[in-house]
Structures are given as C-alpha cells and as structure tokens.
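The structure appears below as structure tokens.
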Amino acid sequence: DAVELGEYAHYMLKEIHEQPVAVADTLEGRIAGGKILTQIFGVDAERLLADTQAVHIIACGTSYHAGLVARYWIEQLAGVPCTAEIASEYRYRDPVVREGTLFLTISQSGETADTLAALKLAKERPYLARMAVCNVPESSIVRESALVLMTRAGPEIGVASTKAFTTQLVALALFSLALARAKGLDDERYSDGVRQLERLPGHIAEVLKLDEEIKELAEQFIGKHHALFLGRGTHWPVAMEGALKLKEISYIHAEAYAAGELKHGPLALVDEDMPVIAVAPNDRLIDKLKSNLEEVRARGGVLYAFVDETVAHGLDAARVVILPASGEIAAPIISTIPLQLLSYHVAVQRGTDVDQPRNLAKSVTVE
Ligand code: G6P
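For the sequence shown, position 250 matches number 490 in full-length UniProt numbering, and the numbering has no gaps at all.
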C-alpha cells in the first residue's frame, strides 16, 4: 500500500491522529483577514449564495451524519430552510423542489452509487445549482457538480470514516457561514464562527491527548452487547456517528437517540448492562440534557458523559470525560474525536479487524 502505517497499529488510529493536520489543510487558503473567501466554492458562487432560498443535502453513511449537523448550522446561522436526506431514499421518491433550492451532496469517495444516482436525478429537477463536498478531486461526483468544496483529508484507508467526517464538517461550516454572511449574519456571530474554525486544529490536538484515558474507559465496554448514544441539537448526529463507529468496528449493537426521545421508547431498555454515552456541549440545551441523564441514572443506567469543561461540574455520571470549550460551531467536531477513540479501543480490545470490518466496503459503488 502506498500509505504507510508508521508508528500506528492501524490505519484508523493513524487517521484519527491526522485530524489536526487534515482540518488545518481543509482551512488553508480559505479564510483571509477573518473572512471566508466566497470564490473557494467555484465561479459564480457569490451570486448563487445570494440566490439560495433553500438547501437539500443528500449523502450516505457517515457523510449523511455530516449533512445532519450542517442542517442545524444552515438554519441557525443563515435562516435558510435545509433538509438532509439519505441518497437511497431520495432517489426513489418524488421530492418537491422549490425555486432557489441548492442541491448539496457530501461524499468522501465521490463514487457512492446512490449519491451519484441522486445527483444525476437532481439534474432533471429545477435546482438552482448542484454543489459537492468531496475528498477525491477527480471523482464522478465532483465532475457532475457546478460548485465544489474539497475536503483535504488525504487518503482514508480505514473503512470506518474518521478524518473524512471531521473535514466534511469543517467544509460544511465554511459553507454555512458563507451562506449566512450572504443572508446578513451580523459581524459578531460571523467573526466568532470563523475564529472557532481557526482554533480547531489546536483544540483537536488537545482532545487527542485523552487517548490513554479513553483506552482505559473502553475496557468497560468489552463484554457489552448493546450501547445507547444520546445527544441534542448538533450533538444528536454526533451521537449517531458515535453509534455507527461502535457498531461498524466492534460489532456491539449501538443506537443513537435524540435525548428528548428517551421517554418515548429507549428508556425501557436502560439497565446496568446497557451503557449510555452522552455527548453534551455547553449550549442552550445542556439543562434539558442533564435532566434526561438523571432519568437514565434513576433507572440504574451506567452513564458515560463527554462534556465541555464549563458544564462538567456536578454531573452525576459513572465517568465524565472533559473536552475543551470550543464554541457552538466547533463543538460537534470536537465531541466526535473521543467517540472515534472509544470505538477504536473497544474494537481493538475485542480483537476485531479494525481497518476492515466484516461485510463492509470503503466505497459502495453498486446499489
Ligand atoms: C461506506 C463507508 C462509509 C461512508 C459511506 C458513504 O458505507 O464505509 O465510511 O460514510 O460509504 O461513502 P462516501 O464515500 O459517499 O462518503
């Protein structure tokens, strides 16, 4: 293989540790003087952003989770209606496309069959334009898209996506902020968002120092058969991504729920045999999440919380892992890292094939 493992035992671990550089590379040359350069999305991007009245995001797997996070950003910052949908569903229904809708695909490989088919279908619908966030420059999805923002994660070998996901989030944050600016986002929120992105590589490097702590925590999961991941807001898709990573490589059945849905079903499953993992930044939803977590504790659930340093105090959990406070846009990116490390260490300790999990492919080019 052209890509060397170096000091790492697996590609997945190497790729997790490459994230500060991959994120810095994805930001490189895209911000100048505290502003996101609009031309990075392609020619005519300035006009297209100004004309965008809605966004339809289409993707599969981990890339779909990145789209779900972006949906919160686009509506919150730009005030533009946004949906995020799985490509295999989108391509077989009859979506209604209003005037001024931008079609946005997200794909690491640029070759996923369902995403590519959805993109081809979108050509026949009255979209304003087609845009792609992708990691492979010469891919089919890039070729078929008018606007493109490349993630610069470099080759990703591990089947479980790590650095491709966080760089997708960075690209989508750049897009959300640029769109928001075109829609009149105020100076303060805009500059704060840009600063959060600029500080990300340093914050990610800080979180990677938790490796040993998380490795030890992973021992608690070795004999488990099920796990429940909880989050709210942008951290709900982060929880979904955490659950996907754990099931993909450790074969532990894992599910993610929006914490507010706990009472509508999953609470019935909670007992001492099913660990509950909560990801919580310090945002306006923290108090609501804390009360959800108390419900878990009251049912004998064993709770592991990954929280921002400003809210860790007084949290009643079996284990609290503290993350740096990074701001509302950076937080879902930061919170993803410990969940990647957790699934990696659980899988290694269970002795599975981390880089090549059974039955899965890196790129799904057939339906
Ligand atoms: C496969 C991979 C995932 C990936 C998904 C979508 O399932 O194992 O890691 O998220 O395909 O792939 P794409 O290349 O379109 O992002």
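Quick reminder that beta carbons are idealized off the backbone N, C-alpha and C, glycines included.
Note that this is a predicted model, so its numbers are computed, not measured.
- Leucine 344 has Ile297 and Met371 as its beta-bridge partners, per DSSP.
- Not one heavy atom of the ligand G6P sits closer than 7 angstroms to the Cβ of glutamine 259.
- Counting only runs that start and end inside the segment 358-410, the alpha helix (DSSP H) elements of at least 4 residues fall at 380-383.
- Taking a C-beta distance under 8 angstroms as the contact criterion, glutamate 351 and serine 385 do not qualify as a contact pair.
- Not one heavy atom of the ligand G6P is found less than 7 angstroms from the C-beta of lysine 275.
- A distance criterion of 7 angstroms places the beta-carbon of glutamine 580 beyond contact range of the ligand G6P, judged by its closest non-hydrogen atom.
- Partner residues in the beta bridge of histidine 493, as assigned by DSSP, are His466.
- Put simply, the backbone Cα of asparagine 522 is about 38 angstroms away from that of glutamate 244.
- The continuous beta strand (DSSP E) containing arginine 559 extends over residues 559-563.
- Distances from the alpha-carbon of lysine 503 to those of Leu525, Leu470, His493 and Ala479 put Leu470 closest.
- The alpha-carbon separation between leucine 533 and tryptophan 313 amounts to approximately 25 angstroms.
- Look at which beta carbons fall closer than 6 angstroms to any heavy atom of the ligand G6P; those residues are Cys300, Gly301, Thr302, Ser303, Ser347, Gln348, Ser349, Thr352, Thr355, Val399, Ser401, Leu600, Lys602, Ser603 and Val604.
- Following the DSSP letters along the chain, one finds isoleucine 526 inside the alpha helix (DSSP H) bounded by residues 526-538.
- Sequence-distant Cβ neighbours of lysine 602 in its own chain, meaning closer than 6 angstroms and more than five residues away, are Val399.
- In this chain, threonine 605 is not harboured by any alpha helix (DSSP H), its DSSP state being neither H nor E.
- In the DSSP assignment, isoleucine 577 forms no beta bridge with any residue.
- Per DSSP, reduced to three states, the secondary structure at leucine 289 is helical.
- In this structure, Leu342 is the residue among Ile326, Leu342, Thr576 and Ala353 with its C-alpha nearest to the C-alpha of alanine 372.
- Inter-residue distance for glutamate 512 and glycine 463 is about 12 angstroms (C-alpha atoms, whole angstroms).
- Between the C-alpha atoms of glutamine 580 and threonine 407 there is a straight-line separation of about 14 angstroms.
- Of Ala411, Arg392 and Ile276, the smallest CA-CA separation from isoleucine 573 is found for Ala411.
- A direct Cα-to-Cα measurement between alanine 262 and alanine 393 gives close to 5 angstroms.
- Judged by their CB atoms, alanine 290 and leucine 308 are not nearer to each other than the 8 angstroms cut-off.
- By the CB criterion at 8 angstroms, glutamine 259 and isoleucine 454 fall outside the cutoff.
- Note that the C-beta distance between alanine 479 and alanine 318 is not below 8 angstroms.
- Residue Leu468 holds the alpha-carbon nearest to the alpha-carbon of methionine 514 among Leu486, Thr391 and Leu468.
- For tyrosine 430, the three-state secondary structure derived from DSSP is helix.
- Its Cα nearest to that of glutamate 535, the residue Ala508 stands out among Ala508, Gly554 and Leu582.
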